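> Let me give you the structure first, and then I'll get to my questions.
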Amino acid sequence: MASVVFSPLLKVFRNEHRNRWYSLGTFFWSYLFVRFIEMNMFTLVTSILVYFPSGHHTVEPLTMSDSGMFQLNWNRFGHFLGLFWLYNVYMQSIGQLVAVIFMDNAELSLIVSYVYYIILCLLNGYLINLEHMNDPFVLKAAQLLASNVISKGLLWSFYGLDRCDQDDFFSVILYKYYVNPETVYSNLTQVAWNTLILRLATLFIMLIRFDFTWRLRPMIGSKRSKIKKIDYPSIDPLSLVSIVKKTPPLPRRIKHNSELEFEQFSRDKIIVAWRNLTLFGSSSIHEIRSVNHSNSKIILRDLNGQFRFGTMNALMGTSGSGKTSLLKVLNGQLKTRLSVETQIYLSRFTPIRICYITQEVSGHLLPGLTAKQSLIYASRLKNYSMGAHEAMKVDHEQVAINLLDELDLSDTAETMVQNCSGGERKRLALALELTSMWMPNLICIDEPTSGLDSNSAEIVIGCLREFVHRHNITIIASIHQPNTDLMNMFDQIYVLAKGGVGIYSGPPSMIRQHLSQITGYNTFGTTFPVEELIKYSCMNHDDPVVQKLVQNNDLNIIATTINNKSLETETQFVPDGIPSNRIRFSIGSLPILCSRYLTFIYGYLWQEWAMFVFIYIFYGFFLRYFFDPRIALADGCISLEEDFNQTCNRSTASIDEETNLTSNGRYNFFALNIFAFLVMLQCGLAFAKETKFFFNEHRNGWYSTGIFYMTKYLYETITMVAIVAVYLWIIDIYETVHPGIYWWMFLLLNLGMQAFQGLSHFLTLMADGNSFIFIALANFSYIIMLLTANFFSRISSLHYVFQIVSLFSICRFMIEGNMILQYGFDRCGPKEIQAVLYNLEIPGNHYFHHCIQMLLFHIFIYRLMALAALIAKSNPLENRRRRAE
């Protein structure tokens, strides 16, 4: 939690500190103070929830009060609270240090924190008796990290403080875990020193990153004796002319006569129109709502308008006026939030092929690919919907080259998309959608000039305008307060005011005439008309001037279409609004997506994959070193003739065998379940990145949901098979006891990992792509699976609700199946009882097949849940009026 909370605050602090808002010390100490208060409250609440339900407040040698109620031992609770507080301070210090080191990569910071926490859990002495292992290196590491100091203090507060008479009795628990009551408090000084060192290291790294860099720059600059002159090469202007003359123009896409005839016919005809468009601010169980019978908040109010073929159109208005909402409606989204009075009209001459480009174009440009590679893959995917035979005739490389030339992107052909400039990325995102031989004819772009300077903005709009007029398509772009030169590049503008009302629709040249209808407007004033119109757009919808503009605008729109009957002759009413892109499942897209995904991994995600592979291998070798391989030799068999007769006279060998059995159970727990949790984190975090691109590409008709998830399933399965093979080879200590057990464990672990992958995908979709929410959901679901995994407590002892939940626990059947492989299949003799399987209530060897069947069921159910959630989120509801009828 400390790592998650501290990372985003550091980024805010970096910007504010760079601009000299406050000093580093002010931020550091104020943050520690606030977190100190929060941690105290968290520790108090958590301590109460842990201490009292465990029943330790009632096992004291209590005295009876006058009222007959037991008295609480405040001494023991106070010690428990203090130790738990110190533990939280220590963990917080570690999280803050990791967050500072990996400030620019929050996910890496989180993974490192998890790995460090897992190591501390191995060395805390709870699950594994470190003293019994008798490994000097492990004991020294635990001493330096102080990982087992607080755990021994907590054991002492539970089983030593006010529990046993020191003269006559001793605690078996304290003896078993080597807890010395006389050194409990003295050992806590190591935790205090470690916490202090971690805090100072955090402050020192922050000083280096945020303060020293600013002071070093002037010092470095002062060492330069003189400024070196740049030696520019001489360029002959005539040579440039000759180069330009020698460069042949790139051939553009050849259009058929029918296509040219339709462009000529449809030019300036209406492609989309809307009447009485009203959009509610929230969804409802009623898909059809009337404005007159609903109290919901309204985003867009009774809008009228239309756009034509071959035009460049701008949606203008102040922030919150509904530009993006109207853009989404015109792209076939938000249908269930439209009022019943809304009427949408589409061109009757050609099908509408829509496309939507978001304001943040990073969700459209898959990193790790060059601009040319991105266009080639886009062309292969989008043109495959024409049919395999027709797609083979398309020269995808030539399509990419032509688009790069038309949108002035030739210089970026071999540049990685993540390294392109802002303007280039905007144009490249549009170019990806234009690679189809049947280009989209209604393109909606949200804020194409955001983040660009005026010159770059004019270049982007100029390229879009030229492309629109050349190919007779319609572009609708939302623009936030453009300058006069930029606005004049649009054929038509549609202006919204606060409250979602339309105050102007028409060419920029007619703004002055439209404003002249307002009483008091100075037609010959010095103010530019567009500035005056933007000023009115900042007013609320109930302002008298705005209402007058809305009334005049609606009259002009309706009168124009009535006079020339263009709405009747050029369009047709579509009850369910603009249809979304629907792409059928096509197996031919699978190799294209696989090839692109490999390029994406190789060019961008390889570092993340390398990090996780390193973590898996490091963790495997760490477990092999941490545990003695001889723990696999204990068979857990109890003889009916010998062991029961020696119950009161246990030998050292039997005690060692019991300890080895316990250690082997812990080894299986850490080797299987912690590895599974790391896999779930990796798959979920990667899926969150990839779905961002999928939703944009699927909405624009690149490929189907099913083929995307099949690609993801195949790639993750193949890579996980390789990872599991290596990891299992590292941790396998049972081959000498059970020859061939590796392959059965390989099957068991692979099935479990596939189920965890499906679960991670489902949780990512439930978190809506938010990494931190996904991690919270992953922790919660993982804890539930562990509690019902037949490891900490028997399934039969749980409440019947948790017994049902345990059927969906992947961890349970991985653990039970692994225990059968290690201790079942005739490992014990005919007159022996298998104690491990008996304790787990596993009936026999045939139960292993049940574990395999349950893991297959988990794969099916969790993958199906993930696919269903993906389909529901990527395919909006259609035909709302037909369903309502």
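In this text, residue positions in the sequence shown follow the working numbering: the first is 9, and each later residue adds one. We treat Cβ as the ideally placed atom computed from N, Cα and C, and that holds for glycine. These figures come from a predicted structure and were not determined experimentally.
1. Counting beta carbon pairs with one atom in the segment 421-440 and one in the segment 354-374, are three or more of them shorter than 8 Å?
2. Rounded to whole angstroms, what's the CA-CA distance from Ile216 to Met99? Just pull it up for me.
3. Could you please give me the residues that DSSP links to Ile487 through a beta bridge?
4. At what residues does the alpha helix (DSSP H) containing Asp493 begin and finish?
5. In the DSSP assignment, find the beta strand (DSSP E) that holds Val369 and state where it starts and stops.
6. So, are the CB atoms of Ala421 and Lys390 less than 8 Å apart?
7. Counting only beta-carbon atoms, is Tyr717 nearer than 8 Å to chain D?
8. Taking DSSP as the reference, what is the three-state secondary structure of Gly313?
9. Just the Cα atoms here: how many angstroms apart are Glu24 and Leu450?
10. Going by other Cβ atoms of all chains shown within 10 Å of its Cβ, with 16 needed for buried, is Asp461 buried or exposed?
11. When the Cα of Ser31 is compared with those of Asp219, Val106, Phe41, which residue comes out closest?
12. Helix, strand or coil: which one does DSSP assign to Gln406?
13. I think Gly760 touches Ile682, with their Cβ atoms under 8 Å apart; what is that distance to the nearest whole Å?
14. Counting only the same chain and skipping the five closest in sequence on each side, list residues whose C-beta sits under 8 Å from that of Phe800.
15. Kindly list the residues whose CB is nearer than 8 Å to the CB of Tyr512, restricted to its own chain and excluding five residues on each side of it in sequence; keep chain order.
16. Would you kindly work out how many angstroms separate the C-alpha atoms of Asn879 and His866, rounded to a whole number?
17. At the level of alpha carbons, what is the spacing between Arg316 and Arg590?
18. Let me check one thing: in DSSP terms, what residues is Ala505 bridge-paired to?
19. Please return the same chain residues whose Cβ sits closer than 8 Å to the Cβ of Val106, not counting the five positions on each side in sequence.
20. In terms of residue numbering, what span does the beta strand (DSSP E) encompassing Glu894 cover?
21. With H, G and I counted as helix, E and B as strand and the rest as coil, what does DSSP make of Tyr353?
22. Taking the alpha-carbon positions, what's the Gln272 to Met497 distance?
23. By a C-beta neighbour count over all protein chains shown, 10 Å radius and 16 as the cutoff for buried, is Leu248 buried or exposed?
24. Please name the residue in Phe634, Asn778, Ala684, Leu641 whose C-alpha comes closest to that of Asp664.
25. In the DSSP assignment, find the beta strand (DSSP E) that holds Trp751 and state where it starts and stops.
26. Ala281 lies in the beta strand (DSSP E); which residues open and close that run?
27. Can you say whether Phe88 is buried or exposed, counting buried as having 16 or more other CB atoms within 10 angstroms of its CB?
28. Out of Ile384, Gly766, Leu757, which has the shortest C-alpha to C-alpha gap to Met718?
29. If you compare alpha carbons, which of Met320, Ser882, Asn188 is closest to Tyr711?
30. Any idea what DSSP makes of Met9, helix, strand or coil?
31. Find the nearest neighbour of Tyr605 within the set Pro552, Lys720, Ile646, Met547, judged by alpha-carbon distance.
32. Need the endpoints of the beta strand (DSSP E) that Thr579 sits in, please.
33. Let me know if Asp543 comes out buried or exposed under the rule of 16 or more other beta-carbons within 10 Å of its beta-carbon.
34. Tell me which same chain residues have a C-beta within less than 8 Å of the C-beta of Leu440, skipping the five on either side of it?
35. Using the three-state DSSP reduction, which class does Ser647 fall into: helix, strand or coil?
36. Going by DSSP, name the residue or residues bridged to Leu308.
Let me spell this out:
1. yes
2. For this step, residue 216 is matched to residue 208 along the sequence shown. For this step, residue 99 is matched to residue 91 along the sequence shown. Whole-angstrom Cα-Cα distance: 23 Å.
3. For this step, residue 487 is matched to residue 479 along the sequence shown. Note: Ile487 sits in a beta bridge opposite Met324.
4. Here residue 493 is taken as the residue at index 485 of the sequence shown, counted from 1. Segment 492-495, the alpha helix (DSSP H) holding Asp493.
5. Taking the sequence shown and counting its residues from 1, the one referred to as residue 369 is at position 361. No beta strand (DSSP E) holds Val369; DSSP gives it neither H nor E.
6. Translated into the one-based positions of the sequence shown, residue 421 becomes position 413. Translated into the one-based positions of the sequence shown, residue 390 becomes position 382. The answer is no: Cβ separation not under 8 Å.
7. As a matter of chain content, chain D is missing from the structure shown, which is built from one protein chain.
8. Within the sequence shown, numbered from 1, the residue matching residue 313 stands at position 305. The answer is strand: DSSP assigns Gly313 an E or B state.
9. For the purposes of this step, residue 24 is taken as the residue at position 16 of the sequence shown. For the purposes of this step, residue 450 is taken as the residue at position 442 of the sequence shown. One C-alpha to the other measures close to 42 Å.
10. Position 453 of the sequence shown holds residue 461. By the 10 Å Cβ count, Asp461 comes out exposed.
11. For this step, residue 31 is matched to residue 23 along the sequence shown. Among Asp219, Val106, Phe41, the Cα nearest to that of Ser31 is on Asp219.
12. Position 398 of the sequence shown, counted from the start, is the residue given in the question as residue 406. It is helical.
13. The count along the sequence shown starts at 1 and reaches residue 760 at position 752. The count along the sequence shown starts at 1 and reaches residue 682 at position 674. Contact flag wrong, Cβ pair sits at about 13 Å.
14. Taking the sequence shown and counting its residues from 1, the one referred to as residue 800 is at position 792. Excluding residues within five positions, the ones whose Cβ falls inside 8 Å are Leu794.
15. Locating residue 512 in the sequence shown gives position 504, counting from the first residue. Taken in chain order, the residues that qualify are Ile501, Tyr502, Val503, Ile519, His522, Leu541, Leu557, Asn561.
16. The residue given as residue 879 occupies position 871 in the sequence shown. The residue given as residue 866 occupies position 858 in the sequence shown. One detail in the question is off: residue 879 reads as Ile in this sequence, not Asn. Rounded to whole angstroms, Ile879 to His866 spans 20 Å at the Cα level.
17. Mapped onto the sequence shown, residue 316 falls at position 308. Mapped onto the sequence shown, residue 590 falls at position 582. The straight-line gap from Cα to Cα measures roughly 24 Å.
18. Translated into the one-based positions of the sequence shown, residue 505 becomes position 497. Val509, per the DSSP bridge assignment.
19. Counting from 1 along the sequence shown, the entry for residue 106 is found at position 98. For Val106, where only same-chain residues beyond five positions count, the Cβ hits under 8 Å are Ser11, Ser117, Val120, Ser121, Tyr124.
20. For residue 894 there is no data in the structure shown, the boundaries of the chain being 9 and 893.
21. Position 345 of the sequence shown holds residue 353. Note: Tyr353 maps to strand in three-state DSSP.
22. Counting from one through the sequence shown, the residue named residue 272 turns up at place 264. Counting from one through the sequence shown, the residue named residue 497 turns up at place 489. Between Gln272 and Met497, the C-alpha separation is close to 22 Å.
23. Along the sequence shown, read from residue 1 onward, the residue named residue 248 stands at position 240. Model confidence at Leu248 stands at a pLDDT of 40, short of 50, so the residue's coordinates are unreliable; what they give is reported in the following sentence. So Leu248 ends up on the exposed side.
24. The residue you call residue 664 lines up with position 656 of the sequence shown. Nearest option by C-alpha distance: Leu641.
25. Taking the sequence shown and counting its residues from 1, the one referred to as residue 751 is at position 743. Premise fails: Trp751 lies in the alpha helix (DSSP H), 749-774, not in any beta strand (DSSP E).
26. Position 273 of the sequence shown, counted from the start, is the residue given in the question as residue 281. Element bounds for Ala281: 278-288.
27. On the sequence shown, residue 88 is found 80 positions in, with the first residue counted as 1. By the 10 Å Cβ count, Phe88 comes out buried.
28. Position 710 of the sequence shown, counting from 1, holds the residue named residue 718. Out of Ile384, Gly766, Leu757, Gly766 has the C-alpha closest to the C-alpha of Met718.
29. Locating residue 711 in the sequence shown gives position 703, where the first residue counts as 1. Answer by Cα proximity: Ser882.
30. Walking along the sequence shown from the start, residue 9 turns up at place 1. Coil at Met9, not helix or strand.
31. Walking along the sequence shown from the start, residue 605 turns up at place 597. The residue with the shortest Cα to Cα distance from Tyr605 is Lys720.
32. Here residue 579 corresponds to residue number 571 of the sequence shown, with the count starting at 1. It spans 579-582 - the beta strand (DSSP E) in which Thr579 sits, taken as one unbroken run.
33. What you label residue 543 is simply residue 535 of the sequence shown in a count that begins at 1. In the sequence as displayed, the identity of residue 543 is Lys instead of Asp. Per the 10 Å Cβ criterion, exposed.
34. In the sequence shown, residue 440 corresponds to position 432, counting from 1. So the list reads His372, Leu373, Ser382, Leu383, Ala386, once near-sequence residues are dropped.
35. Your numbering for residue 647 matches position 639 in the sequence shown. Three-state DSSP puts Ser647 in a strand.
36. The count along the sequence shown starts at 1 and reaches residue 308 at position 300. Leu308 is bridged to Leu287.
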